[in-house]
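Colleague:
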Amino acid sequence: MSEDKMVREGQKQDEDLPAGLSVPAGNTGKAAPKRTRWNKLLLSLCIIGLVVFGFLFINEAFIKPYQVEKSVELSRELYEKAEPVDTVAAPEVTASAITAPATPVEEPARDSQGRLLQFKNLLEESPDVKGWINIPDTNIDYVVAQGTEDEPDYFLDKDIRGDYSKAGTLYLDISSSVEKDDTTRNLVIHGHNMVSTKEKMFHCLLDYKKAGYYKEHSVITFDTIYNTGQWKVFAVFITNGSSAKEPLFDYRKADFKDASDFLNFVYQIRIRSILNTSVDINENDQILCLSTCSYEVDDYRTVIVARRVRDGEEPTVDVEATEVNPAPLYPASYYYRYGGKAPKLYETFEEALGNGAISWYQ
7 MSEDKMVREG QKQDEDLPAG LSVPAGNTGK AAPKRTRWNK LLLSLCIIGL
57 VVFGFLFINE AFIKPYQVEK SVELSRELYE KAEPVDTVAA PEVTASAITA
107 PATPVEEPAR DSQGRLLQFK NLLEESPDVK GWINIPDTNI DYVVAQGTED
157 EPDYFLDKDI RGDYSKAGTL YLDISSSVEK DDTTRNLVIH GHNMVSTKEK
207 MFHCLLDYKK AGYYKEHSVI TFDTIYNTGQ WKVFAVFITN GSSAKEPLFD
257 YRKADFKDAS DFLNFVYQIR IRSILNTSVD INENDQILCL STCSYEVDDY
307 RTVIVARRVR DGEEPTVDVE ATEVNPAPLY PASYYYRYGG KAPKLYETFE
357 EALGNGAISW YQ
């Protein structure tokens, strides 16, 4: 292009612009539309990104927690509104009745299958319901369900109706059983350690590592669909959650071959406990483990262990006798991260008992 033609083109562009504006020398204006298209595309992408981020934030911060709250509210309403069966009137006592065989009378607190009536509405909502757990003066007041052999962790992210729930449902380990004629010696309940929802599930279990908290929450109520029960907390420990990187103490073990097997299991719990408590244990007891995630090391668990209150026993604990264990046994990964070393301990319950190292066996 000749110099004269370039000048004429520049003059023509200047004439098309508002007064006081001109095109810089050497700029024909042809690149402007291309830059505009890129700017519009970038703006559109930014807007889309903000919308997606906003939706995800609202979903995580508001929608999912709301779904959890509604699910928990529903289960509590169903549990609290269970209708009692009319009390059976006592028959008139006569002379013949005194000598006649006693007539069995159905216990009014149970249905025809022997299940507690307080679970009637919950069982109609879901046959997977297995119980209800409550720890006074905590958020723990929840239904307990159980998955199947094919889906043992089904309730990890489901409510009792099978709908998605960020907090899931407290659930029995698949090795545990609360059935009428098949109850295991050790019952294990799993639950999330939630911090992002109003319903914290098993989050407060982490506080049991403090003696003061234990003293105020030493008794748990866990009713199965067949039996009511109170449980005295006797231990709290932390452990690895799998055997992928180091040996696993399998606190989920459900049944035991004999008294020695059971008492050695309890001994392994006691030597790991962060607290030494006054609650005694014997070979006839049933125990309950509450397990939740904790983060001392990756994939760790905090486990609270309680034993069932015996027939005729008061549901109280001498909490003033509670002491912090100066040397609990931790997994090797704990010492690797925090230093220290494992304490020297007797290998078996029998050896420890024979050497006077056990005060909790009665």
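Going by the working numbering, the sequence shown opens with residue 7, and the numbers climb by one from there.
Cβ atoms here follow ideal geometry from the backbone N, Cα and C, with glycine treated the same way.
Going by the CB atoms, is the gap between residue 231 and residue 125 shorter than 7 Å?
Modeller: Going by C-beta atoms, residue 125 is nearer than 7 Å to residue 231.
Colleague: Using 7 Å as the limit for Cβ to Cβ distance, is residue 156 near chain C?
Modeller: Among the chains in the structure shown there is no chain C, since it carries only a single protein chain.
Colleague: With DSSP as the reference, label residue 351 as helix, strand or coil.
Modeller: Three-state DSSP puts residue 351 in coil, outside helix and strand.
Colleague: Comparing alpha-carbon positions, which option in 352, 133, 270 and 263 lies nearest residue 255?
Modeller: The option with the nearest alpha carbon to residue 255 is 270.
Colleague: Taking buried to mean at least 16 other C-beta atoms within 10 Å of its own C-beta, is residue 114 buried or exposed?
Modeller: Bear in mind that the predicted position of residue 114 carries a pLDDT of just 41, short of 50, making it too unreliable to give a figure here.
Colleague: Tell me the residue span of the beta strand (DSSP E) that contains residue 280.
Modeller: Neither: residue 280 is in no beta strand (DSSP E) and is coded neither H nor E.
Colleague: Is residue 44 buried or exposed, if buried means 16 or more other CB atoms sit within 10 Å of its CB?
Modeller: Under this definition residue 44 is an exposed residue.
Colleague: Would you call residue 53 buried or exposed, if buried means 16 or more other Cβ atoms sit within 10 Å of its Cβ?
Modeller: Residue 53 is exposed by the Cβ-count criterion.
Colleague: Is the separation between the beta-carbon of residue 311 and that of residue 280 shorter than 7 Å?
Modeller: No.
Colleague: What are the boundary residues of the beta strand (DSSP E) that residue 307 is part of?
Modeller: 306-314 is the extent of the beta strand (DSSP E) around residue 307.
Colleague: Measure the C-alpha to C-alpha separation of residue 249 and residue 340 and round it to an integer number of angstroms.
Modeller: Roughly 14 Å separates the two Cα atoms.
Colleague: Taking the alpha carbon of residue 228 as the reference point, which residue from 268, 262, 216 and 295 has its own alpha carbon closest?
Modeller: Ranking the options by Cα distance to residue 228, first place goes to 295.
Colleague: Could you tell me the distance, in whole angstroms, from the CA atom of residue 191 to the CA atom of residue 221?
Modeller: Approximately 25 Å between the Cα atoms of the pair.
Colleague: On the DSSP letters alone, give me the boundaries of the beta strand (DSSP E) that residue 176 sits inside.
Modeller: Counting along the chain, the beta strand (DSSP E) containing residue 176 begins and ends at 176-178.
Colleague: Throw me the rounded Cβ distance for the residue 193 and residue 178 pair, which I believe falls under 8 Å.
Modeller: With a Cβ gap of about 7 Å, residue 193 and residue 178 count as contacting.
Colleague: Around the C-beta of residue 49, are 16 or more other C-beta atoms found within 10 angstroms, so that it is buried, or is it exposed?
Modeller: When all chains shown are included, residue 49 counts as exposed.
Colleague: For residue 6, tell me which candidate among 79, 142, 138 and 133 has the shortest Cα-Cα distance.
Modeller: Nothing in the structure corresponds to residue 6, since the chain is present only between 7 and 368.
Colleague: Sort out for me which residues DSSP pairs residue 137 with in a bridge.
Modeller: Paired residues: 150 and 230.
Colleague: Is there contact between the region 283-292 and the region 334-348, where contact requires at least three CB pairs shorter than 8 Å?
Modeller: The region 283-292 is not in contact with the region 334-348.
Colleague: Please state whether DSSP places residue 116 in a helix, a strand or coil.
Modeller: The answer is strand: DSSP assigns residue 116 an E or B state.
Colleague: Which of the three DSSP states is assigned to residue 44 in this structure?
Modeller: Residue 44 falls in the helix class under three-state DSSP.
Colleague: Buried or exposed: which applies to residue 51, given that a residue is buried once 16 or more other Cβ atoms fall within 10 Å of its Cβ?
Modeller: Its Cβ having fewer than 16 others within 10 Å, residue 51 is exposed.
Colleague: In the DSSP output, which residue or residues are listed as bridge partners for residue 164?
Modeller: Residue 164 is bridged to 170.
Colleague: Relative to the C-alpha of residue 368, which residue among 290, 304 and 188 is closest?
Modeller: With distances taken between Cα atoms, residue 368 lies closest to 290.
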